[in-house]
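In UniProt numbering, the protein residues as written are 1 to 341.
For every residue, glycine included, the Cβ atom is placed at its ideal position computed from N, Cα and C.
Note that the coordinates shown come from a computational prediction; the quantities given were computed from them, not determined experimentally.
Below is one structure, written out as structure tokens; comments come after it.
Structural data, given as structure tokens:
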């Protein structure tokens, strides 16, 4: 059973008439309103839905704190009972309008955005119900990838003392983010391996960048200099951490490690782990930049600064003899504590 008092608020939303069951988790609003996407998918139980909302909300708190953004951490999930209604259908709009009314009742404490299963059009429906929502129709993939690649370069500099030329990079996931990470690495002279459960998609990206195709199931433990998880979560566990052969782990996937303690296992083996909640902040930076009117040049500069933060965290971890996750959590805690004063 999840700890319902782990954050500031857990709100359950139910509208039997339209079939809505949703959970809004607000973890921390010290830095500003809780911002986090709306995830719409099936869950094995109500408890699993609550647990995921809380876990992702906590990650958003860290992401925003470390990216120096004026938002707290929040997330919401809508429980799907089957296939999602077609986009723009009356059924979908009715459900999202009802959900938007629940969001509006938070009076700005929670600001939703796009996540798995939802679209900018869905955010428009939520906004139409009187709630604030981030709904710019912009693909965040290239921006997330730019930040991830800046983080990767910082990890390589720290661990290998080199640039990307000749470095063997294994990218797991050839979607919008992973494909762009592969392109950026290849552009800088890396030897790229692309692994994806969709073999044809992996082959297409590999052919484009002059790379090869790897096995998505063994990617986490295959031989490489850099492992870049850009697909499923929790690919490195206590069970397989001892078999990881990469010198650097830096990717876009949320929850790359199945538990924070796995970072200690990697550190003891001399593996540099770049915390995912720093590396994958490009998407939220793009959303915020759109809201406040950053130029493309300003946004690019902010994305590149992710690498600076990664370098600082990795150095702090070395200086203190702790894992990169421990150092990153301490840095986030300091920012929150300063904001509370």
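CB residue 65 to CB residue 311, shorter than 8 Å?
In the chain shown, residue 65 corresponds to position 65, counting from 1. In the chain shown, residue 311 corresponds to position 311, counting from 1. No, these two residues do not count as a Cβ contact at 8 Å.
Of the residues 274, 47, 297 and 184, the one placed nearest residue 167, counting alpha carbons only:
Along the chain shown, one-based indexing puts residue 167 at 167. The residue among 274, 47, 297 and 184 with its C-alpha nearest the C-alpha of residue 167 is 184.
For residue 276 and residue 251, which I take to be in contact (beta-carbon distance under 8 Å), what is that distance rounded to the nearest angstrom?
Counting from one through the chain shown, the residue named residue 276 turns up at place 276. Counting from one through the chain shown, the residue named residue 251 turns up at place 251. Cβ atoms of residue 276 and residue 251 come within 8 Å of each other, at about 7 Å.
For residue 202, which residues from the same chain have a beta carbon less than 8 Å from its beta carbon, with the 5 sequence-adjacent residues on both sides left out?
One-based indexing of the chain shown puts residue 202 at position 202. Contacts found: 174, 194, 195, 196, 213, 214 and 216.
Using DSSP bridges, identify the partner residues of residue 273.
Numbered from its first residue, the chain shown carries residue 273 at position 273. Answer is 249, bridged to residue 273.
For the beta strand (DSSP E) containing residue 110, name the first residue and the last one.
Within the chain shown, residue 110 is the residue found at index 110, counting from 1. Membership of residue 110 in the beta strand (DSSP E) is indicated by the continuous run 110-114.
The beta strand (DSSP E) spanning residue 339 covers which residue range?
Along the chain shown, read from residue 1 onward, the residue named residue 339 stands at position 339. Where residue 339 is concerned, there is no enclosing beta strand (DSSP E), although the alpha helix (DSSP H) it sits in stretches over 324-340.
Taking the CB atoms as reference points, tell me whether residue 80 and residue 40 lie closer together than 8 Å.
On the chain shown, position 80 is the one that residue 80 refers to. On the chain shown, position 40 is the one that residue 40 refers to. With contacts defined as CB atoms closer than 8 Å, residue 80 and residue 40 qualify as a contacting pair.
Strictly by DSSP, which residues pair up with residue 229?
Looking up residue 229 in the chain shown gives position 229. Looking at the DSSP output, residue 229 bridges to 172.
Alpha carbons only, please: which of 136, 332, 296 and 322 is nearest the one belonging to residue 309?
Working through the chain shown from its first residue, we reach residue 309 at position 309. 332 is the residue among 136, 332, 296 and 322 whose C-alpha sits nearest the C-alpha of residue 309.
Do you know how far the Cα of residue 247 is from the Cα of residue 123?
Taking the first residue of the chain shown as position 1, residue 123 is located at position 123. Taking the first residue of the chain shown as position 1, residue 247 is located at position 247. Take the alpha-carbon of residue 123 and the one of residue 247: they are about 40 Å apart.
Extent of the continuous beta strand (DSSP E) run through residue 214
To locate residue 214, count along the chain shown from 1; it is residue 214. Run containing residue 214: none; DSSP gives neither H nor E here.
Quick one: what's got a C-beta closer than 8 Å to residue 244's C-beta in the same chain, skipping five residues either side?
As a first step, residue 244 is located in the chain shown; it is residue number 244 there, counting from the start. Result list for residue 244: 220, 221, 227, 236, 266, 269 and 271, in chain order.
Considering only residues of the same chain and omitting the five flanking positions on each side of residue 136, which have a CB-CB separation below 6 Å?
Here residue 136 refers to the residue found at position 136 of the chain shown. Excluding positions up to five away in sequence, the list reads 290.
Would you please state the rounded distance, in angstroms, between the beta carbons of residue 33 and residue 108? I believe it to be under 8 Å.
In the chain shown, the residue the question calls residue 33 occupies position 33. In the chain shown, the residue the question calls residue 108 occupies position 108. Yes, they are in contact, since the Cβ atoms of residue 33 and residue 108 sit about 5 Å apart, within 8 Å.
State the start and end residues of the unbroken beta strand (DSSP E) segment that holds residue 72.
Against the chain shown, residue 72 aligns to sequence position 72. Where residue 72 is concerned, the enclosing beta strand (DSSP E) stretches over 72-79.
Boundaries (first-last residue) of the alpha helix (DSSP H) holding residue 264
Counted from its first residue, the chain shown places residue 264 at position 264. Here the alpha helix (DSSP H) through residue 264 covers 262-268.
Can you check which of these residues, 26, 96, 77 and 179, is closest to residue 45 by C-alpha distance?
Here residue 45 is taken as the residue at index 45 of the chain shown, counted from 1. Out of 26, 96, 77 and 179, 77 has the C-alpha closest to the C-alpha of residue 45.
Note the first and the last residue of the continuous beta strand (DSSP E) segment covering residue 241.
Taking the first residue of the chain shown as position 1, residue 241 is located at position 241. Where residue 241 is concerned, there is no enclosing beta strand (DSSP E), given that its DSSP letter is neither H nor E.
Considering only the beta carbon of each residue, do residue 238 and residue 262 sit closer than 8 Å?
Here residue 238 refers to the residue found at position 238 when the chain shown is read from its first residue. Here residue 262 refers to the residue found at position 262 when the chain shown is read from its first residue. In this structure, residue 262 lies closer than 8 Å to residue 238 by Cβ.
Starting from residue 24, follow its DSSP beta bridges and name the residues at the other end.
On the chain shown, position 24 is the one that residue 24 refers to. Per the DSSP secondary-structure output, residue 24 pairs in a beta bridge with 11 and 76.
Name the DSSP bridge partner or partners of residue 191?
In the chain shown, counting from the first residue as 1, residue 191 sits at position 191. Residue 191 is bridged to 168.
Assuming contact is defined by CB atoms lying nearer than 8 Å, are residue 163 and residue 188 in contact in what I supplied?
Locating residue 163 in the chain shown gives position 163, where the first residue counts as 1. Locating residue 188 in the chain shown gives position 188, where the first residue counts as 1. Remark: C-beta atoms of residue 163 and residue 188 approach each other more closely than 8 Å.
Answer with buried or exposed for residue 233, where buried requires no fewer than 16 other C-beta atoms within 10 angstroms of its C-beta.
Here residue 233 corresponds to residue number 233 of the chain shown, with the count starting at 1. Exposed, since its Cβ has fewer than 16 Cβ neighbours within 10 Å.
Just checking my contact of residue 51 with residue 2 at CB under 8 Å: how many whole Å lie between their CB atoms?
Your numbering for residue 51 matches position 51 in the chain shown. Your numbering for residue 2 matches position 2 in the chain shown. Sure, about 4 Å apart at Cβ, within 8 Å.
Proximity of residue 74 and residue 25 at Cβ, strictly below 8 Å:
Translated into the one-based positions of the chain shown, residue 74 becomes position 74. Translated into the one-based positions of the chain shown, residue 25 becomes position 25. Yes; because the gap between Cβ atoms is below 8 Å, this pair is in contact.
Keeping to the same chain, check which residues put their C-beta closer than 6 Å to that of residue 294; ignore five residues upstream and five downstream.
Within the chain shown, the letter at position 294 stands for residue 294. Same-chain partners within the cutoff: there are none.
Can you tell which of 208, 327 and 177 has its C-alpha closest to the C-alpha of residue 283?
Counted from its first residue, the chain shown places residue 283 at position 283. Among 208, 327 and 177, the Cα nearest to that of residue 283 belongs to 177.
Beta-carbon spacing of residue 280, residue 128 below 8 Å
Against the chain shown, residue 280 aligns to sequence position 280. Against the chain shown, residue 128 aligns to sequence position 128. Taking 8 Å as the Cβ cut-off, residue 280 and residue 128 do not qualify as a contacting pair.
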